[in-house]
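Engineer:
Number of protein chains: 2
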Amino acid sequence: MNIKEVAKRANVSTATVSRTINNTSFVDPKTAKKVWKAIDELGYHPNTHARSLASGRSRILGLIVSDIVNPFFPELVKSFEDVVTQHGYEILIANTDYCATRMALCVKRMVERQVDGVAIMTSEMDGASIEALAHKSIPMVFLDVGTVGHLVSNINIDYAQGIDEAVRHLLGLGHRRIGFISGPNNLKSARIRRSAFIECLDKYGLVENEQLIFAGNHKFDGGLAAMHHLLTAERPPTAVLASNDLTAFGAIRAIRLAGLRVPDDVSVVGFDDIDPAHFAEPPLTTVRLSRSDLAEKAFHALMYSVNISTPAGREFVVETHLVVRESTGSVPLDE
Amino acid sequence: MNIKEVAKRANVSTATVSRTINNTSFVDPKTAKKVWKAIDELGYHPNTHARSLASGRSRILGLIVSDIVNPFFPELVKSFEDVVTQHGYEILIANTDYCATRMALCVKRMVERQVDGVAIMTSEMDGASIEALAHKSIPMVFLDVGTVGHLVSNINIDYAQGIDEAVRHLLGLGHRRIGFISGPNNLKSARIRRSAFIECLDKYGLVENEQLIFAGNHKFDGGLAAMHHLLTAERPPTAVLASNDLTAFGAIRAIRLAGLRVPDDVSVVGFDDIDPAHFAEPPLTTVRLSRSDLAEKAFHALMYSVNISTPAGREFVVETHLVVRESTGSVPLDE
DNA sequence: CTCTCTCATGTAACCGCTTACACCCACGAG
DNA sequence: CTCGTGGGTGTAAGCGGTTACATGAGAGAG
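Here the protein sequences line up with chains A and B, keeping their order.
Counting in the working numbering, the first sequence runs from 2 upward without gaps.
Counting in the working numbering, the second sequence runs from 2 upward without gaps.
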């Protein structure tokens, strides 16, 4: 079942069938009708490989993430898929697992599949990979932190905004010793969150205390270990900000294991607002980073590069906002 | 950059290059070396579209799931991706969102992309879709419940085993009124879990009590609503089995909202053992369904159909086992 | 020394589609 | 009546691989 058979049945040339399907040029409505009828009757589906090969465009957009198992990413995948399919594109998902080697494989896949663009939310991306994609004229958009450049757009997440809201929230509850569990130090976006936090302390007249800042790994176990460490400080924090929700869950576990309660003894704030945050016990106060906003802007950034022949990238901003739930409360009375 | 340039540089024909890459027939080691050298120097990657078009095989396996946001599925995706990439395949993910219309679109995508096989873990699959795939000679494997047939294999999940362990565990803790929150009734696998539970009651001499069985929707809100309902029974259950973990989380929330504690007042058992189960508060006692086991068997089932020209499907079994954590405890003293 | 036979390689058709280009025809202007 | 003009369609050359078939070079047998 191919375009030739459709052409034969409709009594037209394959070119006309192709033009009808893609409406790339004017086709007499009567002819078009015949063609669609033939397509229907034969149950014809164009072969995407042949299509991509002939046209040079695959109508696929890649999405590279660092950890498909962190609920943030499936949620992002879903949002991205929604907007992308609405516009006739498909999505190719790749998972780096925080590993540079796998990152390289992901890029290789993207090149081989000739994706029309790729959205990247992971920090394993290095110069060589960017170069490899740029060399094939594949537009990129970084959903995190990056630099706009040739073929690469950037979506800046306004971490500072959400962190500021979180810190103000905690200050309002009377907290003065606020801890911070950062992401892995080699992760640029993690460093940004960390410095946003430190700036905040400064802004509100709190002194930075090295003992109250500790690195996790953006996963449960890292949060657990980090919080465990923070609790051993001379004067442990009465509230803690975690650099993502999984870390916050780990922190909560550590607090419980130490025989303390959340939020009665220690308040916890997460970051991302993944689904499990609202069904956790207690429901997690966290900074929401909108997946749909991110996905939409990523798509537009890519489309911009695909359609406009200008290879220059563009810049976007996604805001973040605090969502108050039940993992934060007033500072303990004895403080 | 294409195979011709490689051929020219290595002073051989394109056929030899192709044969070297795919080692589909003997190539003189010296020649092969030259070819690989040229490939390296030029940074050549074969174009997958051209490859698929010419060979008729895409080296892509599809994976259709019902809800990418339920953590069970990303975990399955990861496992499946691991085994699949080890064997030189790639994976195309499709998400039905529990919706029949989207299911049809997913199947269309699979056909258009000419996947070499598809693994299906969703119940939206209907006869027409199976027919569509079979018509294109695409092997299928159902990771759930299905019937083995022409080109379709099946992986039976031994729900009864895990549910039996769970019920015995609860009986051992002294529970006699055990509730059950099932999945949506239109879902075959949900009905199977439900009847496995009922058979269990019978086996251990408990009477089935209609009031203690209520349907959820395999999501948090459904579990919440169902548990809320169960708690209004004349004599509410002292323990509850949920048909998946998200449902269990919802149930726990309902229990807390009613002013009761888990496990002191009501014990809760989940199903799946998704990641969040072990970092929930309290850590969830649940029945583990191994993703890697599932993924591996799915892959082998598909490979069997792809390699052996026999279009007959095969049958596999995946076991399930109880994982005891902290959401279950002894029946309250006043019972 | 010639004849097979085998192994390694080359030649070229083909996979299913897109698209540049050529073509035809109808129509209005000169 | 001839000559653009442009809309609608067909022809055919690719896109970048795979693979059936042809070919040529040695090796061993007679």
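The beta-carbon is built from N, C-alpha and C at its ideal position, and this holds for glycine as well.
All of these numbers come straight from a predicted model, not from anything done at the bench.
#1: With 9 Å set as the bound, which would you pick, yes or no: does the beta-carbon of A/H50 sit closer than that to a beta-carbon of chain B?
#2: Anything in chain B within Cβ reach of A/V70, meaning under 7 Å, just list it in chain order.
#3: Should B/L258 go down as buried or exposed, given a rule of 16 or more other Cβ atoms within 10 Å for buried?
#4: Show which residues of chain A have a CB atom less than 9 Å away from the CB atom of B/G180.
#5: Looking at C-alpha atoms only, which residue of A/A216, A/G128, A/L242 and A/H170 is the closest neighbour of A/G150?
#6: Within 10 angstroms of its Cβ, does B/P140 collect 16 or more other Cβ (buried), or is it exposed?
#7: Relative to chain A, which residues along the stretch 129-152 of chain B have a C-beta separation below 7 Å, given in chain order?
#8: Considering only the alpha carbon of each residue, which of A/N187, A/V270 and A/D265 lies closest to A/T123?
#9: Please list, in chain order, the residues of the stretch 105-128 of chain B that have any C-beta partner in chain A closer than 9 Å.
#10: Below 7 Å on C-beta distance, what does B/F221 contact in chain A?
#11: With a threshold of 16 other CB atoms inside 10 Å of the CB of A/Q337, please say whether the residue is buried or exposed.
#12: At a CB distance below 9 Å, what residues from the stretch 21-53 of chain B approach chain A? Give them in sequence order.
#13: Check whether chain A comes within 9 Å of B/R289, counting only Cβ atoms and requiring the distance to be less than that.
#14: What residues from chain A crowd round B/I253, counting only those whose CB sits closer than 8 Å?
#15: Quick one: which residues of the stretch 296-307 of chain A get their C-beta closer than 7 Å to a C-beta of chain B? List them in chain order.
#16: Should B/T25 be labelled buried (16 or more other beta-carbon atoms within 10 Å of its own) or exposed?
#17: By the criterion of Cβ-Cβ separation under 7 Å, what are the contact partners of B/N245 in chain A?
#18: To the nearest angstrom, how far is it from the Cα of A/I193 to the Cα of B/R110?
#19: Please report the straight-line C-alpha distance between B/P283 and B/H46, rounded to a whole angstrom.
#20: Verify the CB distance criterion: does B/R195 have a CB-CB separation below 9 Å to chain A?
#21: Is it true that the CB of B/E113 sits closer than 9 Å to the CB of A/T233?
#22: For the alpha helix (DSSP H) that B/E91 lies in, which residues bound it at each end?
#23: Checking the sheet assignment: what are the DSSP bridge partners for B/S183?
#24: I need the straight-line Cα distance from B/I1 to A/K5, nearest angstrom please.
#25: Which two residues bound the contiguous beta strand (DSSP E) that contains B/T32?
#26: Establish whether the CB of A/I94 and some CB of chain B are separated by less than 9 Å.
#27: Got a sec, what are the start and stop residues for the alpha helix (DSSP H) B/V78 sits in?
#28: Counting only beta-carbon separations shorter than 9 Å, does A/E6 have a partner in chain B?
#29: Buried or exposed for A/K34, going by 16 or more other Cβ atoms inside 10 Å?
#30: Whose Cβ in chain A lies nearer than 8 Å to the Cβ of B/R257?
#31: Note down, one range per segment and in chain order, each beta strand (DSSP E) of at least 3 residues found wholly within the stretch 231-309 of chain B.
#32: Output the boundary residues of the alpha helix (DSSP H) element that contains A/T49.
#33: At a Cβ threshold of 9 Å, is B/S190 touching chain A?
#34: So B/E327 contacts chain A; which residues on that side make the cut at Cβ distance below 7 Å?
#35: Since A/F250 meets chain B, which of its residues come closer than 9 Å, beta carbon to beta carbon?
#36: Cα separation between B/P277 and B/F73?
Structural biologist: In this structure, then:
#1: yes
#2: P75, E76, K79 and D276
#3: exposed
#4: Chain-ordered listing is empty here: chain A has no CB closer than 9 Å to the CB of B/G180, the nearest sitting near 19 Å.
#5: Ranking the options by Cα distance to A/G150, first place goes to A/G128.
#6: Buried, because 16 or more other Cβ atoms sit within 10 Å of the Cβ of B/P140.
#7: none
#8: A/N187
#9: Among the residues of the stretch 105-128 of chain B, those with a Cβ less than 9 Å away from any Cβ of chain A are L106, K109, R110, V112, E113, R114 and Q115, in the order of the chain.
#10: F280
#11: Any question about residue 337 of chain A goes unanswered here, given that chain A covers just 2 to 336.
#12: G44, H46, P47, N48, T49, H50, A51, R52 and S53
#13: False, the Cβ-Cβ gap to chain A never drops below 9 Å.
#14: By Cβ distance, chain A contributes E282.
#15: none
#16: Under a 10 Å Cβ-count criterion, B/T25 is classified as exposed, with fewer than 16 other Cβ atoms of the shown protein chains found around its own Cβ.
#17: Within chain A, no residue comes near B/N245; the closest Cβ sits about 13 Å away, beyond 7 Å.
#18: 40 Å
#19: 50 Å
#20: Not an interface residue.
#21: no
#22: Element bounds for B/E91: not the alpha helix (DSSP H) but the beta strand (DSSP E), E91 to N96.
#23: B/A216
#24: Outside the displayed span of chain B (2 to 336) sits residue 1 of chain B, for which this structure offers no information.
#25: Careful: B/T32 lies outside any beta strand (DSSP E), inside the alpha helix (DSSP H) at P30 to L43.
#26: yes
#27: F73 to Q87
#28: no
#29: exposed
#30: E282
#31: 240-243, 268-273 and 286-290
#32: T49 to S56
#33: no
#34: Result: empty, since nearest Cβ-Cβ is about 10 Å, beyond 7 Å.
#35: The contacting residues are P277, F280, A281 and E282.
#36: 10 Å
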